[in-house]
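The next block holds one structure in the form of structure tokens; read it before the comments.
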Amino acid sequence: RSCAGGMLAQGSGSRGQLFKPIKRLISYDWPMARPVNADAAATRQRILTAALALFAQRGSSASVRTIAGEAGVSVAMVHHYFGSKDSLYDACVEEMYAELSALQERLLPALMTAKTIETLLPLAVREGFRFACEHRLAVRLLNRQVIEAGTLSADRRMRFQAPFLEVVSAALPLLDRSPAQVRLSIQS
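If you count by the numbering used here, then the sequence shown holds residues 56 to 243, one letter each, in order.
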């Protein structure tokens with residue numbers, strides 16, 4: 056039963072008053088406020104970082120509960136920022152490709168300044184190796200994605216790999232091959 060003053064409780068007094076109003080202990084007059092130190096961008100990034108590490112390690116079998124635990128947030132918070140596990144995985148893959156696109160920027164100076172293929176190849180290999188060491192999780196997630204799917208998605212190949220291969224093949228006039236032949240060699 057309820058009453059305008061709150062819930063009713065059985066009274067222990069006179070027979071005429073069986074129930075008396077109880078004041079509510081919890082007030083719902085104010086909406087819940089965000090914590091003072093809440094930072095939405097930092098929380099989203101923590102979730103993304105934890106998910107990237109776990110997806111790189113376990114593949115798509117990493118659970119949202121485990122990701123939330125690693126990020127120090129609730130499962131509901133993961134769903135708030137990303138909607139679903141698939142959307143979170145896609146966000147990790149996009150983040151990985153954005154990270155890997157920095158390799159192009161690091162390789163271009165070496166590709167443009169090399170005078171011979173003998174100087175170019177060691178520079179490119181060293182830069183590629185350094186980059187892979189610094190971005191292990193991104194490289195690992197890329198490898199895992201290719202292993203699980205068997206290939207890169209056509210959309211991502213056109214958005215990320217094709218432009219990179221175009222730039223690299225155009226920057227390699229030292230090979231005495233057409234850009235298409237160089238691109239085929241690199242891609243293979």
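For every residue, glycine included, the Cβ atom is placed at its ideal position computed from N, Cα and C. These numbers were taken from a predicted model, which means no experiment stands behind them.
9 Å Cβ cutoff met for residue i and residue j
i	j	result
E150	L107	yes
Y136	I102	yes
L166	A193	no
L162	E182	yes
M132	A123	yes
Buried versus exposed call for residue i [16 or more other C-beta atoms within 10 Å across all chains shown]
i	result
F110	buried
F184	exposed
V148	buried
V201	exposed
A117	buried
L175	buried
First through last residue of the alpha helix (DSSP H) which encompasses residue i
i	result
S142	K140 to T168
M132	V130 to F137
A95	A95 to R113
G22	Nothing about residue 22 can be read from this structure; the chain reaches only from 56 to 243.
A123	V119 to A126
Whole-angstrom C-beta distance between residue j and residue i, which should lie under 8 Å
i	j	result
V130	V119	6 Å
R199	G114	5 Å
A126	A105	4 Å
Cutoff 6 Å; reference residue i; Cβ partners in own chain excluding five residues on either side
i	result
L158	F186
R212	none
M99	What sits at residue 99 in the sequence shown is Arg, not Met. Y136.
E203	G114
Y152	F215
Nonlocal neighbours in the same chain, by C-beta distance under 8 Å from residue i, ignoring five residues either side
i	result
R195	A111 and Q112
Sequence-distant residues of the same chain with beta carbon closer than 7 Å to residue i, five excluded per side
i	result
L207	V201 and Q216
Minimum Cβ-Cβ distance from residue i to chain D less than 9 Å
i	result
L155	Among the protein chains of the structure shown there is no chain D, as only one such chain exists.
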